[in-house]
Structures are given as C-alpha cells and as structure tokens.
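*Asks:* Attaching a single structure in structure tokens format; questions to follow.
Numbering (the numbering used here), first residue to last: 183 to 247.
Written out as structure tokens, the structure reads:
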C-alpha cells in the first residue's frame, strides 16, 4: 500500500501480538473507562512514518498497557 493512501483513506495502523478477541474487547473497554492507560514509548512525525513501520517490523516498538 502506498504511504500516501494512509491519511487519504483514514487508515489506522496498529498491532497486537497477544491474547484473543475477547481479551481485546475487554482491554478496549478498560481503556475507554480510563481504568488503564497506554504508555507511549515514542512518537513519530509523519516524515518518520517509514521509520516507524520499520521499527514495528523489527519489534522495536513497545506499548505497555
């Protein structure tokens, strides 16, 4: 997918490597209610989108909830 398509089509990129569908539903519910809050380890600018995707592929990105 061309990078330019991401903002034009309002595509969101995210990943999850553990749990199942029911766990994800519960996790989202807890986050919506403010019981848990994600910790963002790094923010990327739009100019760094390719670097962010490479870091994601290399499993350098970590989201702790």
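Don't be surprised by glycine CBs; every beta carbon is placed ideally from N, CA and C.
Residue 203 to residue 241, Cα distance in whole Å?
*Replies:* Answer to the nearest angstrom: the Cα atoms are 21 angstroms apart.
*Asks:* In whole angstroms, give me the CA-to-CA distance for residue 216 and residue 232.
*Replies:* Distance between the alpha carbons of residue 216 and residue 232: 31 angstroms.
*Asks:* Express the C-alpha separation of residue 234 and residue 247 in angstroms, rounding to a whole number.
*Replies:* Low local confidence applies: a pLDDT of 45 at residue 247 is under 50, so the model's placement there is unreliable, with the coordinate-based value given in what follows. Cα to Cα, residue 247 sits roughly 19 angstroms from residue 234.
*Asks:* Excluding the five sequence neighbours on either side, which residues of its own chain have a C-beta within less than 8 angstroms of the C-beta of residue 239, listed in chain order?
*Replies:* Closer than 8 angstroms at Cβ, skipping near neighbours: no residue.
*Asks:* What is the DSSP secondary structure of residue 218, reduced to helix, strand or coil?
*Replies:* Residue state, collapsed to three classes: coil.
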